[in-house]
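Asker: Have a look at the structure that comes next, please.
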Amino acid sequence: MLEIKNLHVRIDDKKILNGLTLTVKPGEVAAIMGPNGSGKSTLSYVIAGRQDYEVTEGEILLDGVNILELDAHERAAKGLFLAFQYPIEIPGVTTMTFLKASLNAQRKQRGEAELSTPDFMKKVRAAADKLGVPQEMLRRPLNVGFSGGEKKRLEVLQMFLLEPRYGILDETDSGLDIDALRIVSEGVNALRSPTRGFLVITHYQRLLDHIVPDVVHVMSRGQIVKTGGKELALELEKNGYRDYVTEAA
Amino acid sequence: MAAVHETVETVKSVDVDAYKYGFVTDIESEKAPKGLDESTVRYISAKKNEPEWMLEWRLDAFRRWKTMTEPDWSRVHYPKIDYQDLYYYSAPKKMGDGPMTIDDVDPELLRTYEKLGIPLREQEILAGVTTSRVAVDAVFDSVSVATTFKAELNKAGVIFCPISEAVHSHPELVKKYLGSVVPVTDNYFATLNSAVFSDGSFVYVPPGVRCPMELSTYFRINEQNTGQFERTLIIADKGAYVSYLEGCTAPKRDENQLHAAVVELVAHDDAEIKYSTVQNWYPGDSEGRGGIYNFVTKRGDCRGARSKISWTQVETGSAITWKYPSCILRGESSRGEFYSIAISNGRQQVDSGTKMLHLGKNTTSRIISKGIAAGRSDNTYRGQVFAHRKATGARNFTNCDSLLIGNRCGAHTVPYIEARNASSTFEHEATTSKISEDQLFYCMQRGLSAEEATALIVNGFVRDVLQQLPMEFAVEAQKLIAISLEGSVG
Amino acid sequence: MDVSVKNLKTTGETALAALFAPSGAAASKALRQRAFDLFQTMGLPSRRLESWHYTDLKRMLANVAPRAATSAAANVDAEAGACVIRFVDGHCIGHSALPKGVTLRGLSDVLAQGDADTLGALYASVGSEDPVVALNAALADDGVVIDVAAGVTLDAAIILDFVSSDATARSEFMRCLVRVGAGAKLTLVERHVSAQASAQRHLALAVSVGAHASVSHVFEGVADLDVLLASLLVDVAAQGNFQSFALVSGGRLTRRQIWVRAGQATQVGLRGVSLLRGEQHADTTLVIDHVEPNSESRELFKHILDGSATGVFQGKVVVQPNAQKTDGGMKSHALILSDDATMDNKPELEIYADDVVCGHGATVAQLDDDQLFYLMSRGIPKTQAQAMLIEAFALSAVDFVEDEVQREQVMTFVRDWMMARGA
Chain A
-5 MLEIKNLHVR IDDKKILNGL TLTVKPGEVA AIMGPNGSGK STLSYVIAGR QDYEVTEGEI
55 LLDGVNILEL DAHERAAKGL FLAFQYPIEI PGVTTMTFLK ASLNAQRKQR GEAELSTPDF
115 MKKVRAAADK LGVPQEMLRR PLNVGFSGGE KKRLEVLQMF LLEPRYGILD ETDSGLDIDA
175 LRIVSEGVNA LRSPTRGFLV ITHYQRLLDH IVPDVVHVMS RGQIVKTGGK ELALELEKNG
235 YRDYVTEAA
Chain B
22 MAAVHETVET VKSVDVDAYK YGFVTDIESE KAPKGLDEST VRYISAKKNE PEWMLEWRLD
82 AFRRWKTMTE PDWSRVHYPK IDYQDLYYYS APKKMGDGPM TIDDVDPELL RTYEKLGIPL
142 REQEILAGVT TSRVAVDAVF DSVSVATTFK AELNKAGVIF CPISEAVHSH PELVKKYLGS
202 VVPVTDNYFA TLNSAVFSDG SFVYVPPGVR CPMELSTYFR INEQNTGQFE RTLIIADKGA
262 YVSYLEGCTA PKRDENQLHA AVVELVAHDD AEIKYSTVQN WYPGDSEGRG GIYNFVTKRG
322 DCRGARSKIS WTQVETGSAI TWKYPSCILR GESSRGEFYS IAISNGRQQV DSGTKMLHLG
382 KNTTSRIISK GIAAGRSDNT YRGQVFAHRK ATGARNFTNC DSLLIGNRCG AHTVPYIEAR
442 NASSTFEHEA TTSKISEDQL FYCMQRGLSA EEATALIVNG FVRDVLQQLP MEFAVEAQKL
502 IAISLEGSVG
Chain C
27 MDVSVKNLKT TGETALAALF APSGAAASKA LRQRAFDLFQ TMGLPSRRLE SWHYTDLKRM
87 LANVAPRAAT SAAANVDAEA GACVIRFVDG HCIGHSALPK GVTLRGLSDV LAQGDADTLG
147 ALYASVGSED PVVALNAALA DDGVVIDVAA GVTLDAAIIL DFVSSDATAR SEFMRCLVRV
207 GAGAKLTLVE RHVSAQASAQ RHLALAVSVG AHASVSHVFE GVADLDVLLA SLLVDVAAQG
267 NFQSFALVSG GRLTRRQIWV RAGQATQVGL RGVSLLRGEQ HADTTLVIDH VEPNSESREL
327 FKHILDGSAT GVFQGKVVVQ PNAQKTDGGM KSHALILSDD ATMDNKPELE IYADDVVCGH
387 GATVAQLDDD QLFYLMSRGI PKTQAQAMLI EAFALSAVDF VEDEVQREQV MTFVRDWMMA
447 RGA
């Protein structure tokens, strides 16, 4: 279980999260919707362990253990995966090198043996085929010169490979055309399982047509202001966030 | 495209003899005896009726200057200056101790400034076509002849007067700030200036005041064999804002003339100073005879947190230019900017650039320099970006582009990029190229002459710097660029 | 104030001047005397000399170590086919079998013979107005002159291997000349790798690249020297190609200075990676002089600075009036890992021809937080993530090393350096 309790976060004296509380159960797909500037991306960064944010109060528990003191790579090894809204370009590091380094670093931290190159290649190839990622792309420097769709597809490929316990998707639908959106969603759906949870952060409801959530949270001004079923997303699409923004103010 | 049209029109209209400000005003003047010794310094100080402390300050500078040697590190070459063969003070005779009102100014002088496009009568300015008003301090050789809009500025609390007047009316401010940015011993020419400076402008903007109009000084060297040593001091107190413009011209003369100015800017917390220069001193003829030696020290001190100093310069004149308007970024999160267009033609030599000295945390700076070399000129950008060990989070972006027109000129880039801590980020890029044949052909195929096409393309090249100038000066600068490039094509 | 220059000499300058004892034919002696006179006039360079603006050799070479005695000749084995010419403590002790088409003479023989062409190439080369190049000309008493015959393609490299016998402080002065005939092809390795070394090494290497010839030069400067002053003086004839890659790490003070005179339609590429830590100071100063039309030059230098190290890069691209259609591009990028490190960058353009495309870029930055976080969010520990990013930073320059063995060696060194940092 991923539990966020009364989380207060600020960056450079600016308060961004104000006592946010949220739970994602294994097997559950939870969606977070909210207007721009409500703190959605901050939440995803804080869960993943980005440093510039100062947590002034509250805790984040993974299976009952507070992970706030852990470095980003330790959280990753414990099964937290963040699919970035804007995946980072790293010139000089080929995608393949990066994938192998990530997978083996996690295995090492968990006390598992590193994968041999043939086994690793087999695994990557399987994931790449499933998501329609050409082999040629994996030989290119990480995310450099990739289109928006290619970058998002690669994020999902990484999720396939790393098999996290909780996947956090930060605006994964942004910058995707219909076809890319379908491919990415299918990838995520294929990963859904009774032991794996997802936190899907999105501004629009259209992603939720493809990845159907079990529960929808509405976020505004750094707090969850409403929780409901998937029909809540449709209502938001129709009426906008206006009610929630003023309510919180 | 109005601006482009304007440029093209100007190119068409200019004579072969391009420097249109080259006339001489026939006016009687009073001069200090030729040469430089302690008595010259005393003469100037006495002429200005200065208090004892000011004279001492000058004499101290003079004594130090005598121990110094002329710098030779820049890429400019000129015959040795005979400092004893110059006049250090020259004033229009009828002026006495400076005019009390505009009506006391010799009509010949007023006509001179009108000819230069600088009306000094406020009613004329008000009646003029331009809607925005600019307060002007007009400096003729060694003295200020008129300062406009003083009363209106006074109402806002802004002090704008000749520095010779400020020594009397605001001695506490002058004492506090003079030499506080450019120390007396800073460099050879600055020290010389400290000893013999004659006039220049003084500006003080009190806390929280946004100066209600553009301030401007117009410098004119008229007299033969006369050096001009003006001194400008601008202080923006906490939260104040001021925009200041400087323009310069001189008559055509066969001899070289020396201009060694010092400009000091001080910006306190949250203050902003915008300093623009359109420098159009006589550049000498196409064979390199005559022209102004422009050896200038300009420096701004961002003393307060979040203060900002922005230098914009359009340099088209002078036989030799040696100037590096700089920013000392002392205050936390302060910002320095330098935007420059330097055009050289004929035998002109330009060695100009800036220094951005990051001393405070999170300070930022930006340098955009456009150098254009034509004829047989040499055009050098020389710039320093430095981040002190304690200047964490310092950032600089520098872009210097050079354009060569013809193959007898030179364009050079000499940046010094010095980082002393792990969190400063510097980015520097520079290019040198020529106007592409494709661009020229495209324009000419549409009916422009080679010269028109060149002016058009050059205007595009310098566009992002021109945009930094106040509107009325931008138009002026644009015309100047076209004129400066006269004769550079074909 | 009539104080003669001699009275102001530093102890370092005086000690160096005392070592001057030219030998050989009259012509050789005259050239070396001229160089010595230049050094005497200029002295050791300090910040006042623009080309030494960031390296005050007057101060950093205050104590001059005694000159090494001669070293005994010894057998030298080839390495994986590459011909090795070995210098121990500043003296050539021998070489492995020379490849076909290659001839070699010792410097003392050349000086004794005094033939004008060779002396010209040795002493009247580009850069001869620099005080350190002049000092080297005056004092270097050992070295080799290598000739590669026209049209010869060497499959394996020639390695100039400079080693120290132990950690005794010694001064070494060597001058070498490599002449590559028209159309010939050669990989030339300049190696300074001894682990135990505290020598003050003065080396000038002149390379003359014939028409249509091609030279790939690799500089490995990872020995723990006290001072390494390595001058590379290159003349590239029409259509010639000269590529150089340098790895600089280790040593208290390293100054590499490179002059390249680029002839018509030549190709020049100078690249390098420096990895500095502790109190190390490494300066790369280069001048590429385009004197004829249609040549192309590329420079790419990556500096990685940790501890209290100082990195210096000064690069000047000169385009002479005649050198129309020159295409020059220079880049210098620094990565600063510690608040006490210093990077000084001075990329210059000096251009007198209008139909050219020239540019330079210089950056100083730190590791990118976003990239670091991205790697860590995938499970990669911080030290490893930093190492990956630094390796990637260095890679774009290392990629230009043509020789696979050399390239892999360089990358291994970069990795090991990073790992040593993490530990």
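Just so you know, the sequences run in chain order A, B and C.
Residue numbers for the first sequence follow our numbering, so the first one is -5 and each next one is one higher.
Residue numbers for the second sequence follow our numbering, so the first one is 22 and each next one is one higher.
Residue numbers for the third sequence follow our numbering, so the first one is 27 and each next one is one higher.
Positions of the beta carbon are idealized from the N, C-alpha and C atoms, including for glycine.
On the criterion of 16 or more Cβ atoms from any shown chain inside 10 Å, does residue 104(A) qualify as buried, or is it exposed?
Answerer: Its Cβ having fewer than 16 others within 10 Å, residue 104(A) is exposed.
Asker: At a CB distance below 9 Å, what residues from the region 399 to 422 of chain C approach chain A? Give them in sequence order.
Answerer: Per Cβ criterion, the list reads 399, 400, 401, 402, 403, 404, 405, 406, 407, 408, 410, 411, 414, 415, 417, 418, 419, 420, 421, 422.
Asker: Quick one: what's got a C-beta closer than 7 Å to residue 249(C)'s C-beta in the same chain, skipping five residues either side?
Answerer: Cβ within range, chain order: 218, 219, 220, 223, 276, 277.
Asker: Which word fits residue 236(A), buried or exposed, when buried means at least 16 other C-beta atoms lie within 10 angstroms of its C-beta?
Answerer: Exposed is the call here.
Asker: Got a sec: is the Cβ-Cβ distance from residue 202(C) to anything in chain B below 8 Å?
Answerer: Not one chain B Cβ lies under 8 Å of residue 202(C).
Asker: Less than 8 Å separating the beta-carbons of residue 289(C) and residue 272(C)?
Answerer: No. Outside cutoff.
Asker: Taking its Cβ as the centre, do 16 or more other Cβ atoms sit within 10 Å of residue 330(C), making it buried, or is it exposed?
Answerer: Counting Cβ neighbours within 10 Å, residue 330(C) comes out buried, since at least 16 surround it.
Asker: Does DSSP put residue 281(C) in a helix, in a strand, or in coil?
Answerer: Residue 281(C) falls in the strand class under three-state DSSP.
Asker: Out of 184(B), 410(B), 103(B), which one is the CA nearest neighbour of residue 443(B)?
Answerer: Per the Cα distances, 410(B).
Asker: For residue 431(B), return the contacting residues in chain C, with the cut-off set at a CB-CB distance below 8 Å.
Answerer: Simply 376, 377, 378.
Asker: Which residues in chain C sit within 9 Å of residue 436(B), going by Cβ to Cβ distance?
Answerer: Within 9 Å Cβ-Cβ: 371, 372, 373, 374, 386, 388.
Asker: Apply the 10 Å Cβ neighbour rule to residue 488(B) and answer buried if 16 or more other Cβ atoms are within range, or exposed otherwise.
Answerer: Per the 10 Å Cβ criterion, exposed.
Asker: So which residues of chain A does residue 397(C) contact, with C-beta pairs closer than 7 Å?
Answerer: What residue 397(C) touches in chain A: 82, 84.
Asker: Residues of the region 150 to 161 of chain A in Cβ contact with chain C at a cutoff of 9 Å, in chain order, please.
Answerer: Flagged, chain order: 152, 156.
Asker: For residue 47(C) and residue 335(B), what's the separation of their Cα atoms in angstroms?
Answerer: So the alpha carbons of these two residues sit roughly 57 Å apart.
Asker: Measure the beta-carbon distance from residue 147(A) to residue 32(A) and round it to whole angstroms, keeping in mind my assumption that it falls under 8 Å.
Answerer: Rounded, the Cβ-Cβ distance is 27 Å, inconsistent with contact.
Asker: Out of 294(C), 228(C), 76(C), which has the shortest C-alpha to C-alpha gap to residue 17(B)?
Answerer: Because residue 17(B) is not part of the residues shown, which for chain B are 22 to 511, the question remains open.
Asker: Output yes if chain C places a C-beta closer than 8 Å to the C-beta of residue 382(B); else output no.
Answerer: False, the Cβ-Cβ gap to chain C never drops below 8 Å.
Asker: Going by beta-carbon coordinates alone, are residue 433(B) and residue 314(C) separated by less than 8 Å?
Answerer: Cβ atoms of residue 433(B) and residue 314(C): not closer than 8 Å.
Asker: Would you kindly work out how many angstroms separate the C-alpha atoms of residue 107(C) and residue 179(C), rounded to a whole number?
Answerer: Each residue's alpha carbon lies about 14 Å from the other.
Asker: Measuring CB atoms only, is the region 225 to 233 of chain B touching the region 95 to 105 of chain B, in the sense that at least three cross pairs come out at less than 8 Å?
Answerer: Because the criterion of three Cβ pairs below 8 Å is not met, the region 225 to 233 of chain B and the region 95 to 105 of chain B do not touch.
Asker: Determine which residues of the region 310 to 322 of chain C have a Cβ less than 8 Å from any Cβ of chain B, and write them out in chain order.
Answerer: Result list empty, no residue passes.
Asker: Counting C-beta neighbours from all protein chains within 10 Å, is the total for residue 158(C) 16 or more, i.e. buried, or is it exposed?
Answerer: Under this definition residue 158(C) is a buried residue.
Asker: Can you find at least 3 beta carbon pairs, one from the region 61 to 75 of chain A and one from the region 124 to 133 of chain A, that sit closer than 8 Å?
Answerer: Segments in contact, no.
Asker: Would you tell me roughly how many angstroms separate the C-alpha atoms of residue 437(C) and residue 475(B), rounded to the nearest one?
Answerer: Their backbone Cα atoms lie some 49 Å apart in a straight line.
Asker: For residue 14(A), which residues in the same chain have their Cβ closer than 7 Å to its Cβ, ignoring the five residues on either side in sequence?
Answerer: Only -2, 1, 37, 216, 217, 218 meet the Cβ criterion.
Asker: What is the DSSP secondary structure of residue 74(B), reduced to helix, strand or coil?
Answerer: Residue state, collapsed to three classes: helix.
Asker: Which residues in the same chain as residue 388(C) place their Cβ atom closer than 6 Å to its Cβ, once the five residues preceding and following it in sequence are excluded?
Answerer: Result list for residue 388(C): 358, 371, 373, in chain order.
Asker: Taking only the alpha-carbon atoms, compute the straight-line gap between residue 341(B) and residue 277(B) and give it to the nearest angstrom.
Answerer: Straight-line Cα distance between these residues: approximately 10 Å.
Asker: Please classify residue 172(A) as buried or exposed, where buried requires at least 16 neighbouring CB atoms within 10 angstroms.
Answerer: Classification for residue 172(A): exposed.
Asker: Exposed or buried, what is residue 263(B) when buried is set at 16 or more other beta-carbons lying within 10 Å of its beta-carbon?
Answerer: It is buried - the Cβ of residue 263(B) has at least 16 other Cβ atoms within 10 Å.
Asker: Round the Cβ separation of residue 293(C) and residue 322(C) to the nearest angstrom and send it over; I've been treating them as touching at under 8 Å.
Answerer: Indeed, because the Cβ distance is near 5 Å, the residues count as touching under 8 Å.
Asker: Pull the bridge partners of residue 293(C) from the DSSP assignment, please.
Answerer: 267(C), 322(C), per the DSSP bridge assignment.
Asker: Check the DSSP bridge columns for residue 348(B) and list the partner residues they point to.
Answerer: Residue 348(B) is bridged to 321(B), 377(B).
Asker: Can you give the Cα-Cα distance for residue 291(C) and residue 239(C), rounded to whole angstroms?
Answerer: Residue 291(C) and residue 239(C): Cα-Cα distance of roughly 12 Å.
Asker: Leaving out five residues before and five after residue 221(B) in sequence, what residues of the same chain have Cβ atoms less than 6 Å from its Cβ?
Answerer: Within the same chain, residue 221(B) has close Cβ partners 184, 251, 252, 253.
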